[in-house]
Each structure stands twice: as C-alpha cells, then as structure tokens.
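Below is one structure, written out as structure tokens; the observations come after it.
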Amino acid sequence: MSTLTLERLNKTYGGNVQAVRGVDLDIADGELIVVVGPSGCGKSTLLRLIAGLEEISDGELCIDGQRVNDSEPAGRDIAMVFQNYALYPHMSVYDNMAYSLKNRRTPKEEIRRRVTETARLLAIDDLLERRPRQLSGGQRQRVAMGRAVVRQPKVFLFDEPLSNLDASLRVQMRQEIRRLQKRLGVTSVYVTHDQVEAMTLADRLVVMNGGRIEQIGTPMTLFNQP
Ligand code: ADP
Ligand code: ADP
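When the letters of the sequence shown are read in order and numbered with my numbering, they come out as residues 19 to 244.
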C-alpha cells in the first residue's frame, strides 16, 4: 500500500512560475525516497506541497488514501527536518522535543517517556538540559531529528538536513538517518543536491528537472544506465 500518493501535482507561483509540473509519485509504506536535481528544479516546492506549507495549484495529494490537499499542516501527521535546525533558542533540548507533544495535549508522563526514549535512540540523552546555543552543529541536527521522531509521524520530510555540517559529520549523519529511518519504518522524502548523499540514502531516487520528474528508480538501476 502506498502511504503517499501524488497525482498530477502542480504548483504555479504568481501565475507564471511553474515550479512543479505534473508530478506523479507513489511512495510505499516505509520507503525512503530521495529527490535530487539542480537548484531551482522544484525540490523544495515539492516538499512544501506535501507538508502543506504551500497551496497545491492542481492535482491530488493523499496520505494513506485520504485526500489531504486542503488539510492544515498540523493535521497531516508529517514531521519536517530543515537544514537550519529551526530549534527554539530559549528552550532546553527537552522542551524543544516536548513542544509539539505539549501542543497536542499529550499526557505529561507519556511526553517524558517519549522524549527520553527518543533522546536515547539519538544519543542525546545527556544533552536534555542544554540550550541550542550550547550544542555543536551535529548535536543540533540530532535534536532537530529528535523533535521529528518524538512525534511518531506517518511521514518524515527532510529538506537538505545535512548541508550545514562538515564533510565527515555529513557522512556519519546520513548513515544514522538511514539506520533510524529503517528502524522506525517511517515513510520519508529526502531532498538534497548532493548526488553521493542521494545514492547512499535512497531506496528510490527521483531526479527532477524544470519542475518535472525526469527519472525515477533505485540507485542501482539509475547508476547502471548508459
Ligand atoms: P529547488 O528546491 O530545487 O532549488 P524550488 O522549489 O525552491 O527549487 O524552486 C522552484 C522554482 O520556483 C524556482 O524557479 C524558484 O525561483 C521558484 N520559486 C520558489 N519559491 C517561490 C516563491 N515563493 N515565489 C515565487 N517563485 C518561487
Ligand atoms: P513542565 O512543568 O515545564 O511542563 P516537566 O515538569 O515535565 O515540564 O519538566 C520540567 C523541566 O524539567 C522541563 O522543562 C525539562 O527541561 C526538565 N525535564 C523533565 N523531564 C526530564 C528528563 N527526563 N530529562 C531531562 N530533563 C527533564
């Protein structure tokens, strides 16, 4: 069964910029899709459409067979991880991770249990009392991941999450992201302009150009093409 279904998805900005054109995509339960392509090809727009941060101009977007075109971002059961971390600077790591659960009136004990478990999974359990400014770049990225994981969403969206990290940390984190994604089995769409990152992470690669899907396949099949 497909968790995410995109049918003839279109996004036009300001009446003339066609950022996403006729995108058809079925994403299986637990699959990790990586979207690659040159700057301006529509990668972020595609993610933002799925997240509900941009209005869909035309086409259908379904999660578990339910049309979600018109539902609010908060109602879509999706968590997004950005490159700039987007952590709340005045809150502790614990509170950053607990924030969305508190908003949804999750019982306090369950919040505590989920934050602690997630922190252990991401090896940030000794950082829970710190503020974001007291963390390294890699630690911040882990907290940003933790904040997404703790919600136990149906879908993860990653927008160039590692591009602020140095090269060796990037390699380490992408392996961890893949391990974590497989362990949790959360259907994921990951956007990057880094080809190696794309090849390493993806179950299936989507190559975009000019707002369209140009190629789609496993890293092996795309790599072995003439
Ligand atoms: P990518 O993430 O692949 O770099 P984007 O999705 O950011 O590409 O952009 C796709 C196209 O849409 C580009 O031509 C870009 O200039 C345009 N675009 C993106 N966001 C907006 C916006 N808010 N208003 C108008 N045009 C936009
Ligand atoms: P609040 O009363 O602010 O809603 P709690 O009573 O759950 O939240 O926790 C008080 C503070 O103690 C939190 O803001 C958090 O920083 C910290 N805290 C709570 N549980 C833990 C934990 N398991 N590990 C580390 N810090 C925690």
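From the three backbone atoms N, C-alpha and C, an ideal C-beta is built for every residue, glycine too.
ask   = I think residue 60 touches residue 38, with their Cβ atoms under 8 Å apart; what is that distance to the nearest whole Å?
value = Walking along the sequence shown from the start, residue 60 turns up at place 42. Walking along the sequence shown from the start, residue 38 turns up at place 20. At roughly 5 Å, the Cβ-Cβ gap stays under 8 Å, so residue 60 and residue 38 are in contact.
key: Beta carbon of residue 25 nearer than 8 Å to that of residue 58   = Counting from 1 along the sequence shown, the entry for residue 25 is found at position 7. Counting from 1 along the sequence shown, the entry for residue 58 is found at position 40. No; because the gap between Cβ atoms is not below 8 Å, this pair is not in contact.
ask   = What are the complete alpha helix (DSSP H) segments, minimum 4 residues, inside the segment 141-220?
value = 155-167, 185-202 and 213-219
Residue of 114, 230 and 179 minimising C-alpha distance to residue 212 = Mapped onto the sequence shown, residue 212 falls at position 194. Of the listed residues, the one whose Cα sits closest to residue 212 is 179.
query = What does residue 11 pair with, by DSSP beta-bridge criteria?
reply = Given a span of 19 to 244 for the chain in the structure shown, any question on residue 11 remains unanswerable.
key: Cutoff 6 Å; reference residue 65; Cβ partners in own chain excluding five residues on either side   = Residue mapping note: residue 65 aligns to position 47 of the sequence shown, counting from 1. 175, 177 and 209, listed in sequence order.
inquiry  = Please tell me whether, using a cut-off of 7 Å, the distance from the CB of residue 208 to the nearest non-hydrogen atom of ligand 1 is below it.
reply    = Along the sequence shown, read from residue 1 onward, the residue named residue 208 stands at position 190. Because no heavy atom of ligand 1 lies under 7 Å away, the Cβ of residue 208 does not count as near it: no.
task = Pick out whichever of 226, 232, 144 and 181 has its Cα sitting closest to the Cα of residue 215.
result = Looking up residue 215 in the sequence shown gives position 197. Nearest of 226, 232, 144 and 181 to residue 215, Cα basis: 181.
message = Using C-beta distances below 8 Å, list every residue in its chain close to residue 193, excluding the 5 sequence neighbours before and after it, in chain order.
response = Sequence index remark: in the sequence shown, residue 193 carries index 175 (1-based). Answer for residue 193: 218, listed in chain order.
query = Can residue 35 be considered in contact with ligand 1, in the sense that its beta carbon sits closer than 7 Å to one or more heavy atoms?
reply = Working through the sequence shown from its first residue, we reach residue 35 at position 17. Within the cutoff, so yes.
request  = Verify the contact flag: residue 61, CB atom, against every heavy atom of ligand 1, threshold strictly below 7 Å.
outcome  = Looking up residue 61 in the sequence shown gives position 43. Yes, ligand 1 has a heavy atom inside 7 Å of this Cβ.
ask   = Considering residue 30, what are the terminal residues of the beta strand (DSSP E) in which it resides?
value = As a working mapping, residue 30 is identified with position 12 in the sequence shown. Its beta strand (DSSP E) spans residues 20-31.
task = Starting from the Cα of residue 112, find the closest Cα among 103, 97, 164 and 101 and give me that residue.
result = The residue given as residue 112 occupies position 94 in the sequence shown. Nearest of 103, 97, 164 and 101 to residue 112, Cα basis: 164.
inquiry  = Measuring only the C-alpha atoms, how far is residue 207 from residue 127?
reply    = Reading the sequence shown from its first residue, position 189 is the one you call residue 207. Reading the sequence shown from its first residue, position 109 is the one you call residue 127. Distance between the alpha carbons of residue 207 and residue 127: 31 Å.
Given residue 159 as reference, the closest of 228, 144, 195 and 233 once Cα atoms are compared = Indexing the sequence shown from 1 puts residue 159 at position 141. Checking every option, the nearest Cα to that of residue 159 belongs to 195.
request  = Answer yes or no: the CB of residue 32 versus the heavy atoms of ligand 1, is any distance below 7 Å?
outcome  = Sequence index remark: in the sequence shown, residue 32 carries index 14 (1-based). Yes - ligand 1 has a heavy atom lying nearer than 7 Å to the Cβ of residue 32.
ask   = How many angstroms separate the CA atom of residue 36 from the CA atom of residue 134?
value = Residue 36 sits at position 18 when you count from the first residue of the sequence shown. Residue 134 sits at position 116 when you count from the first residue of the sequence shown. Each residue's alpha carbon lies about 44 Å from the other.
request  = Specify whether the segment 40-56 and the segment 217-236 touch according to this definition: at least 3 beta carbon pairs, one from each stretch, less than 8 Å apart.
outcome  = yes
message = By DSSP's criteria, residue 78 is part of a beta bridge. Which residues make up the other side?
response = Your numbering for residue 78 matches position 60 in the sequence shown. According to DSSP, which records beta bridges pairwise, residue 78 is partnered with 25.
message = For residue 50 and residue 168, what's the separation of their Cα atoms in angstroms?
response = Residue mapping note: residue 50 aligns to position 32 of the sequence shown, counting from 1. Residue mapping note: residue 168 aligns to position 150 of the sequence shown, counting from 1. The alpha-carbon atoms of residue 50 and residue 168 are separated by roughly 19 Å.
request  = With a threshold of 16 other CB atoms inside 10 Å of the CB of residue 238, please say whether the residue is buried or exposed.
outcome  = Looking up residue 238 in the sequence shown gives position 220. Answer is exposed; the Cβ neighbour count stays below 16.
inquiry  = residue 172 and residue 21 - do their beta-carbons sit closer together than 8 Å?
reply    = Here residue 21 refers to the residue found at position 3 when the sequence shown is read from its first residue. Here residue 172 refers to the residue found at position 154 when the sequence shown is read from its first residue. Cβ distance < 8 Å, so residue 21 and residue 172 count as in contact.
inquiry  = Using a 10 Å radius around the Cβ and a threshold of 16 neighbouring Cβ atoms, would you call residue 152 buried or exposed?
reply    = Here residue 152 corresponds to residue number 134 of the sequence shown, with the count starting at 1. With fewer than 16 other Cβ atoms within 10 Å, it is exposed.
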